[in-house]
Structure formats: structure tokens, C-alpha cells
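Here the sequence shown stands for residues 4 to 332, numbered as in our numbering. For each residue, glycine too, the CB sits at the ideal point set by N, CA and C. Just below is one structure, and these are the notes that go with it.
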Amino acid sequence: MRIILFSSQNYDRDSFLAAPLPAGMELQFQPARLNLETVALADRHEVVCAFINDDLSAPVLERLAAGGTRLIALRSAGYNHVDLNAARRLQLTIVRVPAYSPHAVAEHAVALILALNRRLHRAYNRTRDGDFSLHGLTGFDLEGKTVGVVGTGQIGATFARIMAGFGCTLLAYDPFPNPSVEALGARYVDLDTLLGEAQIISLHCPLTADSKHLINAQSLAHMRRGAMLVNTGRGGLVETPALIEALKDGQLGYLGLDVYEEEAQLFFEDRSDLPLQDDVLARLLTFPNVIITAHQAFLTREALAAIADTTLANIAAWATGQPQNLVLG
Ligand code: NAI
């Protein structure tokens, strides 16, 4: 069985080659992103293994199906980038890795909170430059602060547990409350209450039609002045230009992003020799109280190993007619 892995980086190659390869599988690592220009590379590959910024829109899926692809094995939990109606019509099977390490993502959200609060990005540059002054580096104790968790599935619940350990008061918003989060003492409230009361807000819900631009000019205005917003969910949860206005005004006090609505054209590549064409991202990067990472929250050894193991197991299960971790099939 021929399997092509689009958007594969060296760390993907390492983790897939370290995993036990079921008999009869042949892996082809392809660094290019899947899109209409590159889709021909998948011809005669029964299985296409895709990541979050690969294009799985209707025209690409149609071309994949015409080229002989039958299974799309996502190396991600999120599947907001797949046109499910088109996939259904083309009788493609879609599988995913529902949970590879909630700790990886939750801990990265906490890393952003700590770095923003204690201004580690500024301190790091300052001391390397021989500047040992402390002005502008004042942080706050996390203990006793109110943290709002939007989406309390696997990652949100793990994040809530860590923040409970810091002694934070937890507010949660999720249409399906999680008993393990309630057991931490979290109070489930509506989104407006959460936004109005929390000093730190962290987004851990999937991107859907309902959650698109959940954070927008109106919701930013509703937040406590000087609040911190962290998004390790999906870029589309936030209306990005509205963040710039809220940061300029001081309404938003801190911003940590691991995801960005327009990231597909930028992230996972070294573009340091090129002029940045995205003016919104360029403006965000000028604020001293903003840290942006390029969708790296998943990037731990444990998560990479789990992605490789589960993906290969998903493909093997599908090949025996007993598909698992189905999104569509
Ligand atoms: P999960 O499915 O376990 O939990 C998602 C939770 O969000 C569920 O409890 C659901 O009821 C809730 N939810 C759905 N719509 C909501 C809404 N409109 N408002 C509030 N809550 C809502 O998913 P998991 O594993 O916790 O992942 C969450 C998201 O994190 C993924 O969908 C993905 O977008 C993102 N993610 C980001 C990664 C990164 O590297 N930055 C890596 C992995 C996931």
C-alpha cells in the first residue's frame, strides 16, 4: 500500500521511521503542502496522510479521488480543513488522531502564559545584550487569578488541571460540561460571563461554524481591561485585526498565539530571508506584550510518537476493513 505524507518535516520522518511499520506499507515523505499544484504527487497513492495546513477542499479531494486515493489519514485531531460534504460524495474515508498528547498543547498554553506574564521573551534578549535592568518586566502572581477555559475537552481539561495547581480560580465555557473539570472546582458559565470575569482566557475548542470568530471586536470590548488571551486552538477562533485595535488601546493586556487564521501560507517554513507580506501578522509582531509561536503546541517527542503510531494503526485498521478513529467512512 502506497502512502504519501504531505507537509512532512524531518521530525515527522524521524517519528514515522521509529514506529513499527505494518507489513505491506510503503511511506513516501513529501515536504510540500498538499494543494491543487501538488496534488498530482498523490497519484496512485491509495492513502494520503495530511496535516493541518494541507488543502483538503473539494477541488483537491476530487483530484485525489480521481488519482486513486481512498483514505485520507489526518495526522491531526482537528479536521476543520476537510470539506466533509465533498469527501462523502467522493466516498473517501477520513481518519484522524483524536488525542496524541493533550499535555503537549495544554503545557504550551501554560508556557505562553508564564512567558507573557514574566516577560521572559524581553528578559532573554535584555540579559544577552548586557542589559540587567528590570523596568517593564513586572509580572503578577498567578495564584488567585481567574482563568477562563473555553472548550473543556481533553486539552482544555488538562490545561484546567495545571492552572488549578497554580491556585487559580477556574471558569469554564463548553456546551458539554466535563465532570472532571467541575471536580477541580471550575464554574461553568456562559461565554459573556467568562469573558467579563477572567483575567486569563485560553481557547481550547474546535473551529466550527459556531466558534468562528468567537473572539471579535465586541467580545474583546467585553473582557476585563488588561486581560490575557491565549489561543492554541485554531486561528479562525479569533478575528485577528480586532486584536490589533484592542492591543493598541490597552484593552487587551497580553496576547499569546500558537495559531493564526492565515497561517497556512506561512507556518512550518523558514521565511526569514523574505519580506513578510502579511501586514496583520507584521503589526502583531511589533507589540512587546505579544508572543506568537508557529503552531508548535503539538511538538513534543511524546506527541510525535503518538501521531506516528496512531496514524499507522489507523491505516492498518482501515486496510483490514475495520476502520478506527473515523471522521467519515
Ligand atoms: P476535544 O474534542 O476533546 O474537546 C473540544 C471541546 O470543545 C469539547 O468539549 C466540545 O464540547 C467543546 N466545544 C465545541 N464547540 C465549542 C464552542 N463553540 N465553545 C466552547 N466549547 C466548544 O478536543 P481537544 O483534543 O481538546 O482539542 C481542542 C482543539 O485544540 C482541537 O479542535 C484543535 O483545534 C486544537 N488543537 C491544537 C493543536 C496545536 O498544536 N496548537 C494541537 C491539537 C489540537
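Exercise. Tell me whether the beta-carbon of A102 lies closer than 7 Å to the beta-carbon of T303.
Key: no
Self-check item: 3-residue-minimum beta strand (DSSP E) runs that sit fully inside the stretch 21-50, ordered along the chain
Solution: 29-32
Quiz item: Taking the C-alpha atoms as reference points, what is the distance between R99 and T130?
Solution: C-alpha separation (whole angstroms): 44 Å.
Self-check item: the stretch 286-295 contacting the stretch 313-321, beta-carbon criterion three pairs below 8 Å
Solution: no
Quiz item: Expressed to the nearest angstrom, what Euclidean distance is found between the alpha-carbon atoms of D252 and G229?
Solution: One C-alpha to the other measures close to 10 Å.
Quiz item: Which residues bound the beta strand (DSSP E) around N234?
Solution: From DSSP, the beta strand (DSSP E) with N234 extends over 230-234.
Quiz item: Taking C-beta to C-beta, are N120 and G147 nearer than 7 Å?
Solution: no
Practice problem: Check the DSSP bridge columns for A53 and list the partner residues they point to. | Solution: Beta-bridge partners assigned by DSSP to A53: L77.
Quiz prompt | Residue span of the beta strand (DSSP E) that contains R5, given as start and end | solution = R5 -> beta strand (DSSP E) spans 5-8.
Practice problem: Jot down the residue ranges of each uninterrupted beta strand (DSSP E) in the stretch 243-317, minimum 3 residues, whole runs only, in chain order. | Solution: The stretch 243-317 contains these whole beta strand (DSSP E) runs: 255-260, 293-295.
Exercise. Could you tell me how far apart the beta carbons of G259 and V233 are, in whole angstroms, since I believe they sit closer than 8 Å?
Key: 4 Å
Quiz item: Going by the beta-carbon positions, is the gap between I97 and S79 smaller than 7 Å?
Solution: no
Exercise. Tell me, please, which residues DSSP counts as bridged to I218.
Key: The bridge partners DSSP lists for I218 are V241.
Practice problem: Check whether the Cβ atoms of D281 and E265 lie closer than 7 Å to each other. | Solution: The beta carbons of D281 and E265 sit closer together than 7 Å.
Quiz item: Could you check where the alpha helix (DSSP H) with Y127 kicks off and where it finishes?
Solution: 123-131
Exercise. State yes or no: is the C-beta of F162 within less than 7 Å of the C-beta of S222?
Key: no
Quiz item: Where in the stretch 88-166 do unbroken runs of the beta strand (DSSP E), each at least 3 residues long, occur, reported from the N-terminal end onward?
Solution: If you keep only unbroken beta strand (DSSP E) runs of at least 3 residues inside the stretch 88-166, you get 96-98, 149-153.
Practice problem: Could you confirm whether any beta carbon from chain B is found closer than 7 Å to the beta carbon of V241? | Solution: Of the chains in the structure shown, none is chain B; there is only one protein chain.
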